[in-house]
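Novice: One point on numbering: in our numbering, the residue at position 547 of the sequence shown is 554, and numbering is uninterrupted.
Virtual Cβ for every residue (Gly too), placed ideally from N, Cα, C.
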Amino acid sequence: MKRSVILAAAAALLPLGLVPAAAATSSRELPRTPAGQVLVVHANLQDSVRPADAADTTDLDNFAERLAAKLPAAPDALVLNEILGPGARRLAGSLSKATGYRYRAEVSGERTAFQPDGSARETAIILNSDTMTAAGPSGYERVQDEDQAYTGAARRDGSLRVPLLAVHPGADPATATPAFTALAAARFPQVPGQAQVTVLGGDFRNARCAVPADDQAVGCAPQAFWAELTGAKAYSDALFDKSDTQSRSHSGYVFARADALAAGLDTAYDADLPDRAACKAAFDAGRPRSAPGECRTAYYADVPFGWALLAPGRPVQQTVTPGRIALDHCELATRRAEMAVRVVNNTGEAVSRPVTVTAAAPLTANPAESSLDVPAGQGATGTVTVTAPRDTPPGEHEITVRVGDEATKVPVTVTETCTEPAVFATSFHPGREPEFAVDGDIATFWHSEYSPPHPLPQSITLNLGEVKQVSEVNYQPRFDGNLNGTILDYRVYVSTDGETFTQVATGTWATDARQKTASFDPVDARYVRLESTRSSGGSYASVAEVSAE
Numbered sequence: 008m009k010r011s012v013i014l015a016a017a018a019a020l021l022p023l024g025l026v027p028a029a030a031a032t033s034s035r036e037l038p039r040t041p042a043g044q045v046l047v048v049h050a051n052l053q054d055s056v057r058p059a060d061a062a063d064t065t066d067l068d069n070f071a072e073r074l075a076a077k078l079p080a081a082p083d084a085l086v087l088n089e090i091l092g093p094g095a096r097r098l099a100g101s102l103s104k105a106t107g108y109r110y111r112a113e114v115s116g117e118r119t120a121f122q123p124d125g126s127a128r129e130t131a132i133i134l135n136s137d138t139m140t141a142a143g144p145s146g147y148e149r150v151q152d153e154d155q156a157y158t159g160a161a162r163r164d165g166s167l168r169v170p171l172l173a174v175h176p177g178a179d180p181a182t183a184t185p186a187f188t189a190l191a192a193a194r195f196p197q198v199p200g201q202a203q204v205t206v207l208g209g210d211f212r213n214a215r216c217a218v219p220a221d222d223q224a225v226g227c228a229p230q231a232f233w234a235e236l237t238g239a240k241a242y243s244d245a246l247f248d249k250s251d252t253q254s255r256s257h258s259g260y261v262f263a264r265a266d267a268l269a270a271g272l273d274t275a276y277d278a279d280l281p282d283r284a285a286c287k288a289a290f291d292a293g294r295p296r297s298a299p300g301e302c303r304t305a306y307y308a309d310v311p312f313g314w315a316l317l318a319p320g321r322p323v324q325q326t327v328t329p330g331r332i333a334l335d336h337c338e339l340a341t342r343r344a345e346m347a348v349r350v351v352n353n354t355g356e357a358v359s360r361p362v363t364v365t366a367a368a369p370l371t372a373n374p375a376e377s378s379l380d381v382p383a384g385q386g387a388t389g390t391v392t393v394t395a396p397r398d399t400p401p402g403e404h405e406i407t408v409r410v411g412d413e414a415t416k417v418p419v420t421v422t423e424t425c426t427e428p429a430v431f432a433t434s435f436h437p438g439r440e441p442e443f444a445v446d447g448d449i450a451t452f453w454h455s456e457y458s459p460p461h462p463l464p465q466s467i468t469l470n471l472g473e474v475k476q477v478s479e480v481n482y483q484p485r486f487d488g489n490l491n492g493t494i495l496d497y498r499v500y501v502s503t504d505g506e507t508f509t510q511v512a513t514g515t516w517a518t519d520a521r522q523k524t525a526s527f528d529p530v531d532a533r534y535v536r537l538e539s540t541r542s543s544g545g546s547y548a549s550v551a552e553v554s555a556e
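1. Under the DSSP definition of a beta bridge, which residues are partnered with V391?
2. How many angstroms separate the CA atom of R343 from the CA atom of K416?
3. Provide the residue span of the alpha helix (DSSP H) that contains F187, from first to last.
4. Within the stretch 326-379, note down every full beta strand (DSSP E) run reaching 3 residues or more, in order along the chain.
5. Using the beta-carbon count (16 or more within 10 Å), is V358 buried or exposed?
6. At the level of alpha carbons, what is the spacing between A29 and F508?
7. When the distance is taken between beta carbons, is A156 closer than 8 Å to A189?
8. In this structure, does DSSP put V445 in helix, strand or coil?
9. So what does DSSP say about K416, is it helix, strand or coil?
10. How close, in whole Å, do the beta carbons of A161 and A142 come, if the pair is a contact with beta carbons under 8 Å?
11. Alpha carbon to alpha carbon, how far is R149 from F187?
12. Distance, Cα to Cα, L370 vs I332?
13. Give the range of the beta strand (DSSP E) segment to which P170 is assigned.
14. Candidates S549, L316, T468, E456: which alpha carbon is nearest P79's?
15. Around the C-beta of A566, are 16 or more other C-beta atoms found within 10 angstroms, so that it is buried, or is it exposed?
16. In the DSSP assignment, find the beta strand (DSSP E) that holds A161 and state where it starts and stops.
17. Less than 8 Å separating the beta-carbons of V535 and V477?
18. Can you find the residues in the same chain that come closer than 7 Å, C-beta to C-beta, to G24, ignoring five residues on each side of it along the sequence?
19. Identify which residue in D66, S55, E413, E556 has its Cα closest to the Cα of R303.
20. Could you pull out every residue in the same chain whose Cβ sits closer than 6 Å to the Cβ of Q197, ignoring the five residues on either side in sequence?
21. Quick check on the burial criterion: 16 or more other C-beta atoms within 10 angstroms. Buried or exposed for E36?
22. Assign S458 to one of two classes, buried (16 or more other C-beta atoms within 10 Å of its C-beta) or exposed (fewer than that).
23. Using DSSP bridges, identify the partner residues of V567.
24. Residues in its own chain within less than 8 Å of R533 by CB, not counting five upstream and five downstream?
25. Is DSSP giving A278 helix, strand or coil here?
26. For D282, collect the residues of the same chain with a Cβ closer than 7 Å to its Cβ; drop the 5 residues on either side in sequence, then sort them by chain order.
27. Pick helix, strand or coil for W516, following the three-state DSSP scheme.
28. Taking 8 Å as the threshold (C-beta atoms), are G293 and D60 in contact?
29. Return the chain-ordered list of same chain residues with a C-beta closer than 8 Å to the C-beta of P529, the five sequence neighbours on each side being excluded.
30. Would E538 be called buried (16 or more neighbouring beta carbons within 10 Å of its own) or exposed?
31. Is the beta carbon of G560 less than 8 Å from the beta carbon of S377?
32. How should R264 be labelled, buried or exposed, when 16 other C-beta atoms within 10 angstroms of its C-beta is the threshold for buried?
As structure tokens, this is what we get:
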């Protein structure tokens with residue numbers, strides 16, 4: 008099977024939600040990956056804690072059938088979380104039946120997840136015996152009271168060495184990550200002249216962005232573990248780079264010292280199981296026959312599996328993510344979306360890659376010109392924001408992103424409508440997002456960013472959803488006994504279009520936690536902005552609740 012054929016099949020799966028359901032396949036229908044490549048699956052199967060759940064293997068059989076139906080090629084390896092030894096061996100047998108290939112549990116645990124000393128062992132690695140062979144040390148190493156599975160594998164054709172780690176942080180993934188990468192480096196050092204793909208797959212219990220949200224912005228501030236792996240450690244997040252599901256919140260990853268050719272997340276699972284909670288309750292109790300009908304042959308876990316087709320890393324790898332943009336989110340008068348430009352430097356010398364983005368009106372790109380300077384053996388990521396006026400007619404456009412000598416054309420769709428949040432802020436500290444200022448709860452509050460410091464003025468802007476007549480702003484300072492950020496000197500601005508703002512009020516409030524009001528002559532407004540030019544306690548602002556009437 009040629010690489011182009013596999014990539015074409017993989018492209019047809021991106022996103023996985025576009026692929027129709029299919030019956031179990033055989034080896035005649037599910038091709039092998041080509042020499043020099045490896046297809047790795049990661050899943051948290053949540054089949055290790057409840058004895059009744061672990062004893063029933065229906066969900067594992069369903070998982071095997073789904074893999075056979077959804078993947079572009081037979082998986083070469085599976086790195087798994089929350090599965091016991093008997094379950095891993097059962098899954099290997101089920102996958103053999105579903106695909107026609109032979110699978111074996113290369114590293115698997117016992118009949119219980121809990122070791123005599125209280126630690127947990129619930130990771131496993133399964134190999135395709137027809138394409139892969141054990142070629143190095145295998146076993147478990149403890150990190151944060153969790154046993155992490157590892158094995159040295161290689162393609163049977165001799166074209167590729169594939170160290171595999173199935174990891175599961177027991178606590179903060181940022182502190183576990185150095186141990187994971189040290190384990191990979193110590194057990195599986197790169198052999199000069201030998202092609203190698205090192206895979207570190209697992210459920211890190213956290214999404215990529217530091218601020219929890221269902222919609223994970225491409226340009227968000229990343230979690231420390233993600234920044235470390237994709238930066239100083241030069242791993243690629245295959246699902247982020249290639250799955251076209253970058254903005255989805257998920258905690259399972261296929262990190263690899265490799266070139267990610269294709270990847271996918273089983274997003275069709277959402278539509279296939281609209282009431283996953285009902286499925287879970289029945290399967291957790293070991294009673295799958297009591298589950299709703301659609302669950303019985305489809306449910307395998309709470310969260311979808313991911314997969315990645317990997318090849319040895321190039322000397323300098325460059326990616327533009329995502330491969331297509333939809334301008335369907337608005338901020339004030341502007342549609343906006345973000346792209347990530349990544350460079351991974353696998354050479355022994357620092358490299359610098361100029362980044363140029365060409366966008367024709369009505370689109371703009373910022374920055375249009377920049378550069379990524381990447382030390383030897385590390386990776387770097389830059390963000391480009393693509394915008395268009397909110398009233399841009401729906402249609403198809405294109406931008407060109409040039410990284411060094413490589414040019415990538417990215418289709419851009421301007422949708423008929425765009426979603427817009429109810430509130431905006433000039434900055435916020437993680438955990439103190441502007442949404443807390445409009446949630447009706449004075450125990451929560453927005454706080455402008457203070458680490459690093461963001462000087463005043465800082466503001467919060469209400470989106471009323473439509474043009475209304477307003478004549479006052481009501482402001483409730485934080486109500487937790489700490490007046491830091493309480494607005495003292497204020498200004499109020501209004502706008503009907505989100506572009507032009509007019510000041511309608513200014514004044515000074517007392518340094519206390521009582522509700523305060525800024526009144527002004529009635530005026531039409533869709534957006535109302537409260538700005539602090541002086542606050543209590545320092546150069547930042549806070550709001551427990553704010554409204555306009």
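Specialist: In terms of the structure at hand:
1. M346
2. Counting only the Cα atoms, K416 lies some 18 Å from R343.
3. 180-194
4. Runs of the beta strand (DSSP E) lying entirely within the stretch 326-379 and spanning at least 3 residues, in chain order: 332-338, 341-352, 358-366, 371-373.
5. Burial check for V358: the Cβ neighbour count within 10 Å reaches 16 or more, so the residue is buried.
6. Residue confidence for A29 is low, a pLDDT of 35 falling below 50, so the modelled location carries little weight; the figure read from the coordinates is stated next. About 55 Å.
7. no
8. helix
9. strand
10. With a Cβ gap of about 4 Å, A161 and A142 count as contacting.
11. 10 Å
12. For L370 and I332, the distance between alpha carbons rounds to 12 Å.
13. Counting along the chain, the beta strand (DSSP E) containing P170 begins and ends at 168-174.
14. Among S549, L316, T468, E456, the Cα nearest to that of P79 belongs to L316.
15. The structure shown does not extend to residue 566, since the chain is modelled only from 8 to 556, so the question has no answer here.
16. 153-162
17. yes
18. Confidence at G24 is low in this model, with a pLDDT of 34, below 50, so the placement of that residue is unreliable and no value is reported for it.
19. D66
20. Cβ neighbours of Q197 beyond the five flanking positions: Q203.
21. exposed
22. S458 should be labelled exposed.
23. Since the first residue shown for the chain is 8 and the last is 556, residue 567 is missing from the structure and cannot be characterised.
24. N470, L471, G472, E473, V474, K475, S502, T503, D504, G505
25. DSSP, read as helix, strand or coil, puts A278 in helix.
26. The beta carbon of D282 sits closer than 7 Å to the beta carbons of P299 from its chain, once the five residues preceding and following it are set aside; these are given in chain order.
27. coil
28. yes
29. Here the set comprises Q476, V477, S478.
30. Counting every other CB atom within 10 Å of its CB across the protein chains shown gives E538 a total of 16 or more, marking it as buried.
31. There is no way to answer for residue 560, as the model of the chain reaches only from 8 to 556.
32. buried
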